[in-house]
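133 is the number that our numbering gives to position 20 of the sequence shown; each next residue is one higher, with no gaps.
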Amino acid sequence: FSQFPGWSMRPDGSIVIATGNDDALGVYACTPYNSYGTAGESQPTRVLLKDPPAFTVRPKEEYFQEVGRELVIPCAAHGDPPPTITWLKVGSAGRSGAQVDGNSSLVFRPLVKEQHGVWECRATSQVASVSTTTSVHVLGTSPHAVTNVSVLPLLLAANVSWEPGFDGGYFQRFSVWYTPLVKHPPRAHHDWVSLSVPVGAQHLLVENLQPDMSYQFSVLAQNKLGSGPFSQIVTSVPRGFPVTTVPPEPPAMTVRVFLSPPQALTANETVRGVLLQWEPPAQFSVGLSGYALELRQDKGGWEVLDRSIPSTKTQVLVPGLIKDAFYEFRLVAFAGSYISDPSNTVNVSTAGMEVYPSRTQLPELLPQPVLAGVIGGICFLSVAVIFSTMAACIMNRRRAARVQKRRQ
């Protein structure tokens, strides 16, 4: 074995070849022996070198397509022997109604909401197995259910938090539903109490609960196409007042808090949207809690786009902007209950930009009743102008007829 680097023999007699190459090709036989001799060598075995599967065509990282349309995702590989290509949806038992064509491409015809998620292309042969994944985003649907719902019991209250599901390509809002758990069959959701969640928030404090009583909580997502499914139901018991006497806390000392605004906010266009980057505040005397991103469109009023940016982040991607519009962005920092002044303002024009639908599309800044009023006013003015023009023509004709009669 000294002639072949990386070759070794285990105590049980097995040969280990660290790197397979032409030196390993050939016919092998094993001869066991001890102090009494040997009973002969084993049957010969042949070692062959084969190429493991390797992808020649990989799917893109993400695909966005409208529901009901066709989507084809390519995937191809080669090897010796030729590998077999299979597709599976991650977290699902099958292909969820998708098909595989003769080129090993995954075909959705038509694309449905349930096919949203992560898909895996796997190339398998007798030598090895390799895989790659891609994310399919189905647009134009109601929201998907939120995940990881958790409830933190507090004094006569509960803090409900969750992770949003895919929004279906439209801006989504959330509501928290809850009900006391009593000794009768579970109540339907329409009997529960619902609370609206502020825009951009992923948690809500539910107050005025009864102590030592079990409550059930669920979260519902909605967009302009309708409501998604309710989340899983989580049960929690709010804490009541302690029965032991707690000594009063010493008076708090007055502390002057310094919190300067975020610095050097910049905006850069990417293929996925507008990437905002910044530097943390230069001065802060208490730990940062996070940031809030504000925007306004076409010199309108400022609105909060995202109020839950972690303090560890220094960049955020803003997709879903409206094409041929003018935006302004700015940041504020949070430290406990303290809020900094706004950062510098950056301007973004989407004129000529490729705008992609996304998980975080901006809310429509012009309400539908206002838009309907504007359109109605324009139509009314158009009709008034037409009638005025017709009336002027009729009057001119009558005047010309009277003048001609007088001349005759």
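Positions of the beta carbon are idealized from the N, C-alpha and C atoms, including for glycine. Fair warning: this is a prediction, and the values are worked out from it, not measured in the lab.
Item                                                                                                                                                                                    : Value
Taking aspartate 411 as the reference, give the member of Lys163, Leu434, Gly400 with the closest Cα.                                                                                   : Leu434
Rounded C-beta distance between alanine 190 and isoleucine 198? I'm assuming under 8 Å.                                                                                                 : 6 Å
Taking its Cβ as the centre, do 16 or more other Cβ atoms sit within 10 Å of valine 496, making it buried, or is it exposed?                                                            : exposed
In whole angstroms, give me the CA-to-CA distance for valine 170 and serine 248.                                                                                                        : 16 Å
Apply the 10 Å Cβ neighbour rule to phenylalanine 493 and answer buried if 16 or more other Cβ atoms are within range, or exposed otherwise.                                            : exposed
Around the C-beta of proline 118, are 16 or more other C-beta atoms found within 10 angstroms, so that it is buried, or is it exposed?                                                  : exposed
If you reduce the DSSP assignment to three classes, tell me which class alanine 211 lands in.                                                                                           : coil
Quick check on the burial criterion: 16 or more other C-beta atoms within 10 angstroms. Buried or exposed for lysine 173?                                                               : exposed
Mind the definition here: the stretch 372-385 touches the stretch 321-330 only if three or more C-beta pairs lie below 8 Å; say whether that holds.                                     : no
Does the stretch 429-447 come close enough to the stretch 402-416 to have 3 or more Cβ pairs within less than 8 Å?                                                                      : yes
Using CA atoms only, rank isn't needed, just tell me which of Gly413, Leu401, Lys436, Pro432 is closest to serine 421.                                                                  : Leu401
Kindly list the residues whose CB is nearer than 8 Å to the CB of serine 327, restricted to its own chain and excluding five residues on each side of it in sequence; keep chain order. : Pro293, Leu294, Thr348, Ser349, Val350
In angstroms with no decimal places, state the Cα-to-Cα distance between methionine 508 and lysine 518.                                                                                 : 16 Å
According to DSSP, simplified to helix, strand and coil, what is aspartate 136?                                                                                                         : helix
Secondary structure at cysteine 234, three-state DSSP: helix, strand or coil?                                                                                                           : strand
Where proline 394 and alanine 446 are concerned, what is the direct C-alpha to C-alpha distance, given to the nearest angstrom?                                                         : 8 Å
Expressed to the nearest angstrom, what Euclidean distance is found between the alpha-carbon atoms of valine 431 and serine 309?                                                        : 24 Å
Can you grab the Cα-Cα spacing for the pair tyrosine 404 / proline 423, in whole Å?                                                                                                     : 6 Å
Please list, in chain order, all residues of the same chain as threonine 473 whose beta carbon is under 7 Å from its beta carbon, the five residues on each side excluded.              : With a pLDDT of 42 at threonine 473, under the threshold of 50, the modelled position of that residue is not reliable, and the figure given next carries that caveat. Closer than 7 Å at Cβ, skipping near neighbours: Pro432, Gly433.
Looking only at its own chain, which residues have a Cβ that is under 8 Å from the Cβ of glutamate 276, when we skip the five neighbours before and after it?                           : Val259, Thr260, Asn261, Gln315
Can you give me the Cβ contacts of leucine 267 inside the same chain, cut-off strictly under 7 Å, excluding the 5 residues immediately before and after it?                             : Pro351, Arg352
What is the DSSP secondary structure of methionine 326, counted as helix, strand or coil?                                                                                               : coil
Nearer than 7 Å: is that true of the beta carbon of threonine 260 relative to any heavy atom of the ligand MG?                                                                          : As presented, the structure is devoid of all ligands, the ligand MG included, so that no description of it is given.
When you compare only the Cα positions, how much space is there between leucine 162 and valine 220?                                                                                     : 35 Å
With 16 as the cutoff for other CB atoms within 10 Å, does glutamine 285 come out buried or exposed?                                                                                    : buried
Should the stretch 217-233 be called in touch with the stretch 142-160, which here means at least 3 C-beta pairs below 8 Å?                                                             : no
Pull up the distance between the alpha-carbon of proline 256 and that of proline 196, whole angstroms please.                                                                           : 38 Å
Below 8 Å on the Cβ atoms is my guess for proline 374 versus serine 453; work out the distance and round it to an integer in Å.                                                         : 5 Å
Straight-line CA distance for glutamine 335 to leucine 318?                                                                                                                             : 20 Å
Is serine 462 closer than 8 Å to arginine 391 when the C-beta atoms are compared?                                                                                                       : The sequence given here has tryptophan at residue 391, not arginine. In this structure, serine 462 does not lie closer than 8 Å to tryptophan 391 by Cβ.
Specify the secondary structure class of glycine 126 as computed by DSSP and reduced to three states.                                                                                   : coil
For serine 501, count the other beta carbons within 10 Å of its own beta carbon; 16 or more makes it buried, fewer makes it exposed. Which is it?                                       : exposed
Within its chain, find whatever has a CB closer than 6 Å to the CB of aspartate 214; leave out the 5 residues flanking it on each side and keep chain order.                            : Val220
Is aspartate 136 buried or exposed, if buried means 16 or more other CB atoms sit within 10 Å of its CB?                                                                                : exposed
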